[in-house]
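Numbering (my numbering), first residue to last: -14 to 617. Quick reminder that beta carbons are idealized off the backbone N, C-alpha and C, glycines included. Computed from a prediction, not measured in an experiment: that's the story for all the values here.
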Amino acid sequence: MSPHRHFEQLARLMEIEAAAEARQLAERAGRQSGAEAERSGDCLVKLAIRDERPALGGRVGITLGKRDQTKSLPWNRLGVGSPVLLTEEGVANQRGWRGVVCRRDSETLDVALAESPETVADRPTFRLDLSSDQISRQRQLAALQTAQRADRGRLAQLRDVLLGQRPARFDVPRLVQPFDVGLNDSQLEAVAFVLAAPDLAIVHGPPGTGKTRTVAEIIRQAAARGQKVLACAPSNLAVDNLLERLVRAGEKVIRLGHPARVLPELQEHTLDLLVEAHPDVALARRLIKEANALQDRSSRFTRARPPPGAKHAMRQEARALLADAERIEDQLVEHLLDSATVVCCTLTGIDSRVLKQRLFDLAVVDEAAQAVEPACWIPLLRADRVILAGDHCQLPPTIVSPEAAREGLAVSLMERLAKELGPGISRQLTTQYRMHQAIMEFSSGEFYGSSLIADESVRHHLLEDLPGTVAGTLTSAPLQFIDTAGASYDEEPEPAGASLLNRQEAELAVRKVQQLLDAGVPASGIAVISPYSAQVRLLRTLLPLDGLEIDTVDGFQGREKEAIVISLVRSNTQGEIGFLADTRRMNVALTRARRKLIVIGDSATVAHHPFYERLLNHFGNHAAHASVWEEL
């Protein structure tokens, strides 16, 4: 496909996705206030402001909780870093206040806003909705247009390589003396390979293989060679994981983005707070204060008529003071960025107002398989070469529109390049440090050509090896499949929802969690996951335990626990398995456990699919396939 057609297609799919998101937001906004509005987890209602204070980077911070202080916040998706829209309930045609969630617990959450809410009612109640990120979409579309129009220079060359118009070049890898002496052979090979690639290269990191550790080494090696590195990822958490490693290694690194979206222990490395803490910024703040005072005086009514042109002169002086303050801040930002060897940010957090025309020797995109391709073009505009790291055998980017996903928006740049350009552009990591060998083997065979090797430190580790656990059948084996076939554990639609649940499976999952706890496994070492959000909501009501995590498979990607209980939910006479047929989702689920993996499901339903037939055989080969009747 020509560059023009490729970028036009991506832009069209983004418009389709934007329309789907808008419809979703409109439907959400149309729901009545109350419990029904909160069922989706995308909003909170009947909130009151408990506290208001100055926040990081000159913003305003508010603490929100239920108006009825005896009530806790219900389960919701408004996590730290989520963009949100705050509106006053009962007020029509309001624009609301956009902000970012920066802290949350069971009772309250904190939101950073650009300005203090001005309310209509004396004792207002508020609604907080998960919001779309319009700036993010605009930056992606602008990046596509810039890449499409490039007719010369490095951007045009790199674009043609990424679109298969010209071959990618590969130099002979040089021996690397690692900073991290604990890297294994496959990690060292990947580091040497990608550093020698003049155009692009991929680091393929299956679960537990130390991908982020490898990426950190690549960045440190590039920085040691005098290169400026732009390190990105699609999510704030992924950026912070990389940032934490680089800070610990002593790299000169700066984090771009809203401080509220950054982990508290890393906020001191954000550009906003580095600027705020610099002594030169005091002069800029003083100039802004003087300018505001002049503007106030120029607009104030006085009995005595001012001399002709006096108000105009005051406004001109105010504008000059503001320009001086802006120039001081710009110079300070330039100085700070010049002093850093690595700039970290999310893909869509790359702000041209901050970076201006700044270019980098290398762009590194971690978790690239979870990013839509348009987002990856934002850092590509600024780099001589690019390294993508991730695993396209796990979940793809999250897409709202089925049409956009079907036509290709769900295919990441990393996945597309891996398919179109072949294995010669990538190196796969092969030693994993998470799972017992029996847990690893199935995914290794299904997705990675049986290439994974369990490190000796994890190859045979079990729950019974943990301090305080009781030896027994439950803790001395790594696998268990509990088969509910024939037990009438039937799936059912969620009341007033579009998801599915399975009450009997949920009760069985509760029983297994209790057995793990009784065996001495701490709640913090256990997670219960399910592909279906309705099942997750049901399990959260049945298992309100501190430390125990319950989430969807999608929500648990990138995480791990000592013991994982999976509820498959699907049980019907037609053998329908819905989006369980997306085997990459099951790859994520099956690779979260370190020492114990328990799967609950109906073999009569799921085994119609060849993938699950092979999964059941794997459990059977390890004498780990049991009927629910044995369990009961």
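Contact between the segment 406 to 417 and the segment 168 to 184: three or more CB pairs below 8 Å?
Output reads yes: the segment 168 to 184 touches the segment 406 to 417.
Where do the ends of the beta strand (DSSP E) carrying K51 lie?
From DSSP, the beta strand (DSSP E) with K51 extends over V45 to K51.
Rounding to the nearest angstrom, what Cα-Cα distance links A638 and S337 in this structure?
An answer regarding residue 638 cannot be provided, because it is not within the stretch -14 to 617 covered by the chain.
Strictly by DSSP, which residues pair up with Q465?
Note: Q465 sits in a beta bridge opposite I583.
With which residues is Q54 paired in a DSSP beta bridge?
According to DSSP, Q54 bridges with nothing at all.
Which residues bound the beta strand (DSSP E) around G84?
Segment W82 to R89, the beta strand (DSSP E) holding G84.
So, A494 versus V550, is the Cβ gap smaller than 8 Å?
Cβ atoms of A494 and V550: closer than 8 Å.
Can you look up E37 in the DSSP assignment and give me helix, strand or coil?
Strand, per DSSP.
Could you check what DSSP says for V238 in three-state terms: helix, strand or coil?
Reduced to three states, the DSSP call for V238 is strand.
With 16 as the cutoff for other CB atoms within 10 Å, does D156 come out buried or exposed?
Under this definition D156 is an exposed residue.
Does DSSP put Q17 in a helix, a strand or coil?
Any answer about Q17 is weak, because its pLDDT of 48 lies below 50 and its placement is not dependable; what the coordinates show is given next. In the structure shown, Q17 sits in coil (DSSP, three-state: anything other than H, G, I, E or B).
Check each candidate in C361, P387, A348 and L486 and name the one with the smallest Cα separation from D369.
Closest by alpha carbon: A348.
Hey, is the segment 388 to 401 in contact with the segment 351 to 364, meaning 3+ C-beta pairs nearer than 8 Å?
Result yes; three or more Cβ-Cβ pairs closer than 8 Å.
Rounded to whole angstroms, what is the Cα-Cα separation between P141 and Y517?
Note on identity: in this sequence residue 141 is Ala, with Pro being the wrong assignment. Straight-line Cα distance between these residues: approximately 44 Å.
Distance, Cα to Cα, F286 vs L227?
Only weak support exists for where F286 lies, its pLDDT of 49 falling under 50; the coordinates are left without a value.
Quick one: measure Cβ to Cβ for V69 and L129, integer angstroms, because I've assumed they're closer than 8 Å.
So it is not a contact: roughly 27 Å between Cβ atoms.
At the level of alpha carbons, what is the spacing between V146 and R134?
Their Cα atoms are separated by approximately 15 Å.
Note the first and the last residue of the continuous alpha helix (DSSP H) segment covering F432.
Segment Q422 to F432, the alpha helix (DSSP H) holding F432.
Should L49 and F111 be called a contact, given that it needs their Cβ atoms to be closer than 8 Å?
Cβ atoms of L49 and F111: closer than 8 Å.
Whose CA, out of L527, A390, P109 and S556, lies closest to the CA of L(-5)?
Per the Cα distances, A390.
Between which two residues does the beta strand (DSSP E) carrying R412 extend?
It spans S411 to Q413 - the beta strand (DSSP E) in which R412 sits, taken as one unbroken run.
In the DSSP output, what is Q417 paired with across the bridge?
Answer by DSSP bridge pairing, in chain order: A439.
Going by the CB atoms, is the gap between L231 and V76 shorter than 8 Å?
It is not a contact, given that the beta carbons lie outside the stated cut-off.
Restricting to Cα atoms, I'd like to know which of L173, R599 and L459 is closest to G430.
Checking every option, the nearest Cα to that of G430 belongs to R599.
Starting from I204, trace the alpha helix (DSSP H) both ways and give me its first and last residue.
Taken as a continuous stretch (DSSP letters only), the alpha helix (DSSP H) holding I204 covers K196 to A209.
Can you give me the C-alpha to C-alpha distance between V238 and Q342, rounded to a whole angstrom?
So the two alpha carbons sit approximately 19 Å from each other.
Tell me which same chain residues have a C-beta within less than 6 Å of the C-beta of Q241, skipping the five on either side of it?
Here residue 241 is Leu; the residue named in the question, Gln, does not match the sequence. Same-chain partners within the cutoff: L256, C330 and G334.
In whole angstroms, what separates the C-alpha of R401 from that of E92?
Looking at the two C-alpha atoms, the distance is approximately 44 Å.
What is the residue span of the beta strand (DSSP E) that F564 lies within?
No beta strand (DSSP E) holds F564; DSSP gives it neither H nor E.
Which residues does DSSP list as the beta-bridge partners of G375?
Looking at the DSSP assignment, G375 forms a beta bridge with H189.
Which first and last residues belong to the beta strand (DSSP E) in which T131 is found?
From DSSP, T131 is part of no beta strand (DSSP E) but of the alpha helix (DSSP H) over Q119 to R134.
Report yes if the C-beta distance between R577 and P381 is below 8 Å; otherwise report no.
Contact: no.
Rounded to a whole number of angstroms, what is the C-alpha to C-alpha distance between I120 and D468?
Roughly 48 Å between the two C-alpha positions.
Which residue from A208, D225, E202 and E319 puts its Cα closest to that of V260?
For the residues A208, D225, E202 and E319, the minimum Cα distance to V260 belongs to E319.
Among residues of its own chain, excluding the 5 on either side of Q17, which ones have a beta-carbon nearer than 7 Å to its beta-carbon?
The predicted position of Q17 is uncertain, since its pLDDT is 48 and thus under 50; a value taken from the coordinates is nonetheless stated next. So no residue of the chain qualifies.
Can you check DSSP and say which residues form a bridge with R391?
DSSP, once it has assigned bridges, lists no residue as partnering R391.
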